[in-house]
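If you want my numbering, it's the 1-based position in the sequence shown plus 692.
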Amino acid sequence: MARDPGRVLIFDTTLRDGEQSPGASLNLEEKLAIAQQLARLGVDIIEAGFPFASSGDFHAVQRIAASVGTPDGPVICGLARAAAGDIKACAEAVAPAARRRIHTFIATSDIHLEHKLRKTRAEVLAITAEMVAYARSLVDDVEFSCEDAGRSDPEFMHQVIEAAINAGATTINIPDTVGYTTPAEFGAIIAGINRAVPNIDRAVISVHGHNDLGLAVANFLEAVKNGARQLECTINGIGERAGNASLEELVMALHVRRSYFNPFLGRPPEQRDPLTNVRTEEITKTSRLVSNLTGMAVQPNKAIVGANAFAHESGIHQDGVLKNRLTYEIIDARTVGLADNRLSLGKLSGRSAFRARLEELGYTLERHDLDDAFARFKELADRKREITDRDLEAIVSEQVQQQ
Ligand code: KIV
Ligand code: ZN
693 MARDPGRVLI FDTTLRDGEQ SPGASLNLEE KLAIAQQLAR LGVDIIEAGF
743 PFASSGDFHA VQRIAASVGT PDGPVICGLA RAAAGDIKAC AEAVAPAARR
793 RIHTFIATSD IHLEHKLRKT RAEVLAITAE MVAYARSLVD DVEFSCEDAG
843 RSDPEFMHQV IEAAINAGAT TINIPDTVGY TTPAEFGAII AGINRAVPNI
893 DRAVISVHGH NDLGLAVANF LEAVKNGARQ LECTINGIGE RAGNASLEEL
943 VMALHVRRSY FNPFLGRPPE QRDPLTNVRT EEITKTSRLV SNLTGMAVQP
993 NKAIVGANAF AHESGIHQDG VLKNRLTYEI IDARTVGLAD NRLSLGKLSG
1043 RSAFRARLEE LGYTLERHDL DDAFARFKEL ADRKREITDR DLEAIVSEQV
1093 QQQ
């Protein structure tokens, strides 16, 4: 079993892989605001950017390192290809942080070696050892990723991992770069690494995954069962193509189902301690901040943070919830920082109460938008006994989509 931190570390890459979402570029002040909120949320590591990619990225990582990377704050990490220039720039950018990490990577799949890197396996093995050692000469905390691990030959990947650990890597990250694997396959990849890499007990095993088949979160949960102890994820699941594994879904799955996951971490099922250090009541606020600053709307039916995630529409469900919430709710909305979504407004409520509640939720509408939204609210209130904050948010987001 790999070096075990005794819980699951949350590595947030919203500001690096998340920012790679088409159209999601953030300015320096926006990145800083997100990094500060991620620290309040309680993530263990913030991947703040890719310093060699641009001077904007370099300065953002440096600024975040200086202001969020306090001794009791998160580790601040930068990404670097396995190349000396990238690694040097990364070390400089993360330097102001009290706890800093260089995350370096190279592809290990034959398809990437042949068509992208144009290198042999022996060359990749040599570059890994040399560049990880170089990174380790600059910082104590080095993460190494086998890019496209999900499609790599396990035997070759095991050799690369062993070389990376011998050269000083303290975290080994296994990315399903193209979101290709299924949960059973991904779990087996992690189990295989634990079984076959002789020095794996000197590193934490991390996972990183994309959502091309919508399986990233499921894959990660299987990875945790097989020994992964760091999860790389983004707020609202934003990221390249279909996005990355979503932080809020992972954290809440581990929280709600902790008696199921506890034994995989060597704990008794009934242990109450959370599996992660995330303050779940900060989740909604963080999701809204990232959505507002990136301009990427959250789909209404998105688990945990979608506008409908805690709304009950059908009469049968409403009736059940009014008798006992546990009939149709597995999460108390307050756990993720939403106001109690019990009754807030109903069909007898007036326009000013409606406007005031929207303003409390952060929405100030122009007069004609407010009229339209109020008309929708009245229609809904005729059908639905209980109008929750989530319903109000759904009304407003429909409104925005129709403009
Ligand atoms: O998806 C990927 O493989 C990555 C690596 C750089 C970790 O983002
Ligand atoms: Zn990625």
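Using N, Cα and C, we set each Cβ at its ideal position, and we do this for glycine too.
Inset, instruction - Could you check which residue in PRO846, ASP904, MET849, SER837 has the C-alpha nearest to that of VAL896? - result: SER837
Legend entry - Runs of alpha helix (DSSP H) wholly within the segment 975 to 1045 (minimum 4 residues, chain order): 975 to 986, 1007 to 1015
Inset, instruction - Specify, as a first and last residue, the run of the beta strand (DSSP E) that GLU839 falls within. - result: 834 to 839
Legend entry - Local Cβ density within 10 Å of ARG1082, reported as buried at 16 or more and exposed below that: buried
Inset, instruction - Report all residues from its chain with a CB closer than 8 Å to the CB of ASN1033; omit the five preceding and five following residues, and keep chain order. - result: Reliability fails at ASN1033, whose pLDDT of 49 lies under 50, so the model's placement of it is uncertain and the value that follows must be treated cautiously. Only PHE1002, ALA1003, ALA1025, THR1080, ASP1081, ARG1082 meet the Cβ criterion.
Inset, instruction - Please name the residue in LEU957, THR869, VAL943 whose C-alpha comes closest to that of ILE1023. - result: VAL943
Legend entry - Three CB pairs or more closer than 8 Å across the segment 862 to 874 and the segment 757 to 773: no
Inset, instruction - Could you tell me whether the segment 702 to 720 touches the segment 929 to 940, using the rule of 3 or more Cβ pairs below 8 Å? - result: yes
Legend entry - Length at least 3, wholly inside the segment 919 to 944: the beta strand (DSSP E) runs in chain order: 922 to 925
Inset, instruction - Taking the CB atoms as reference points, tell me whether ALA827 and ILE798 lie closer together than 8 Å. - result: no
Inset, instruction - Confirm the yes/no value for this check: CB of LEU771, any heavy atom of the ligand KIV, distance under 7 Å. - result: yes
Legend entry - Buried or exposed by the 16-neighbour rule on C-beta atoms within 10 Å, applied to HIS807: exposed
Legend entry - Own chain, CB closer than 7 Å to ALA989, minus 5 neighbours either side, in chain order: SER983, SER1089
Inset, instruction - Find the nearest neighbour of PHE1046 within the set ALA1065, HIS1060, VAL1028, LEU1030, judged by alpha-carbon distance. - result: ALA1065
Legend entry - Contacting residues, own chain, Cβ-Cβ under 8 Å from MET693 (five flanking each side not counted): Because MET693 sits at a pLDDT of 45, beneath the cut-off of 50, its placement in the model cannot be relied upon, and the following sentence gives the value as read from the coordinates. Correct list, in chain order: ASN886, ASP893, GLY919.
Legend entry - Same chain, Cβ closer than 7 Å to LEU817, neighbours up to 5 away in sequence not counted: GLN851, VAL852, ALA855
Inset, instruction - Check whether the Cβ of ASP1083 sits closer than 7 Å to any heavy atom of the ligand HEM, and report yes or no. - result: Although the ligand HEM was asked about, the structure shown includes only the ligand KIV and the ligand ZN as ligands.
Inset, instruction - Provide the residue span of the beta strand (DSSP E) that contains THR863, from first to last. - result: 863 to 868
Inset, instruction - Consult DSSP for LEU967 and reduce its assignment to one of helix, strand or coil. - result: coil
Legend entry - Check: PHE797 C-beta below 7 Å from any heavy atom of the ligand KIV: yes
Legend entry - Buried or exposed by the 16-neighbour rule on C-beta atoms within 10 Å, applied to TYR1055: buried
Inset, instruction - Tell whether a beta-carbon distance below 8 Å holds between LEU1040 and GLU1085. - result: no
Legend entry - C-alpha distance - ARG980 paired with PHE848, whole-angstrom precision: 42 Å
Legend entry - Selection from SER844, LYS780, ALA783 that minimises the alpha carbon distance to ASP802: SER844
Legend entry - Residues near PRO890 in its chain [Cβ-Cβ closer than 8 Å; skip 5 each side]: GLU854
Inset, instruction - Could you say which of ILE768, HIS751, ASN719, GLU941 lies nearest to LEU730 if we only look at CA atoms? - result: ILE768
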